[in-house]
């Protein structure tokens, strides 16, 4: 087998078949020696080290794609706290405003009670019989306009009772003059409607029409939404329905590569203790120069990366709220959560990690493990001890 097929990224079919062949070689005892003794041509490097580097690149890329655009639980909690704080602040502000309004009303009532006298409203100001006239204007105009006062006083000119420019008597016997006076009075009494009033009336009419249409269309809209959700939840709407299975397939486009990597790493490491010809007694010779046996830490780290990325997807799945037919408590959602390709890779990585930790438990204390790897290994050991005690 040529190793160049592993890094041939332009053809995913060739790449997947290459890793499938690796898993087959690692699963057979007769062909497993290539991982222990194989050397890549033109580089003089071991086949195992090149394979680990390539596996690290692939696992890192897949872990990024699996966990990309997932809703962050911490950010959601912070947003909820901020919303609660904002609501509390708004409630406090509303209470303060209500208290201020009540205080202002009480002060106004007290002021009105103090102004009232024994005779009721006798202490109030005198109201003008002409409500459309400003009293300040009257006082100023009466002082400054003495020359323009008509025969009936100031208010004769104010209300156009007599116009000095027109030589018209109050009571004319001429019928033509009476018609002219009547026309002028009717024109003055009927003010012209401005453009704004017409526009406002049109806006009111259109708003009423729209509100009535919305009331009529709302029940139809609700029925259509129910029908849409029913079709999506049925077998007919499966191609158009968002699901965890489709989402996992988009994020993990070729799960067979990742599965074959896990199988290859596990088979090579688990059988290296017996089949490695370069190290006959690994149990008593932990300082051996054998590269496969000494790469247990790297293999556990790679399996942990796969486990944590798939776990994040399963615990905090992507937001599929655009499809209202999805219910997280439904049986369909639970089935999709347990039977997608990411959940299968999650189970496979955890099983192989558990088996390696139990098998190499006697040397784990000698390894410098990362915190995530150490915590997962400790959890596996605790479960294994509990299982032994139960038996």
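Residue numbers (full-length UniProt numbering): 1 to 391. We put the CB at the ideal spot given by N, CA and C, even for glycine. Nothing here was measured: the structure is a model prediction, and the numbers come from that model.
{"query": "Is the beta carbon of residue 262 closer than 8 Å to that of residue 343?", "result": "no"}
{"query": "With 16 as the cutoff for other CB atoms within 10 Å, does residue 310 come out buried or exposed?", "result": "buried"}
{"query": "Measure the Cβ-Cβ separation of residue 20 and residue 260 and say whether it is below 8 Å.", "result": "yes"}
{"query": "Are three or more beta carbon pairs between the segment 299 to 315 and the segment 58 to 67 nearer than 8 Å?", "result": "yes"}
{"query": "Give the range of the alpha helix (DSSP H) segment to which residue 259 is assigned.", "result": "255 to 275"}
{"query": "Under 8 Å: do the segment 345 to 362 and the segment 379 to 386 share three or more Cβ pairs, one atom per stretch?", "result": "yes"}
{"query": "Go through its chain and collect everything with a Cβ distance to residue 23's Cβ below 6 Å, but skip five positions before and after it.", "result": "260, 263 and 264"}
{"query": "Within 10 angstroms of the Cβ of residue 293, are there 16 or more other Cβ atoms? Answer buried if so, exposed if not.", "result": "buried"}
{"query": "Is the Cβ-Cβ distance between residue 18 and residue 267 less than 8 Å?", "result": "no"}
{"query": "Could you check the C-alpha separation between residue 180 and residue 198 for me, to the nearest Å?", "result": "30 Å"}
{"query": "Have a look at the DSSP bridge pairing and note the partners of residue 45.", "result": "40"}
{"query": "With a 10 Å radius around its C-beta and 16 neighbouring C-beta atoms as the bar for buried, classify residue 364 as buried or exposed.", "result": "buried"}
{"query": "Might you give, ordered along the chain, the residues of its own chain that have their beta carbon closer than 6 Å to the beta carbon of residue 313, omitting 5 neighbours on each side?", "result": "66 and 342"}
{"query": "Does residue 368 come out as helix, strand or coil in the three-state DSSP assignment?", "result": "coil"}
{"query": "Since residue 11 is in the alpha helix (DSSP H), which residue starts that stretch and which ends it?", "result": "Segment: none, residue 11 is in no alpha helix (DSSP H) and carries neither H nor E."}
{"query": "How big is the Cα-Cα spacing for residue 83 and residue 257?", "result": "44 Å"}
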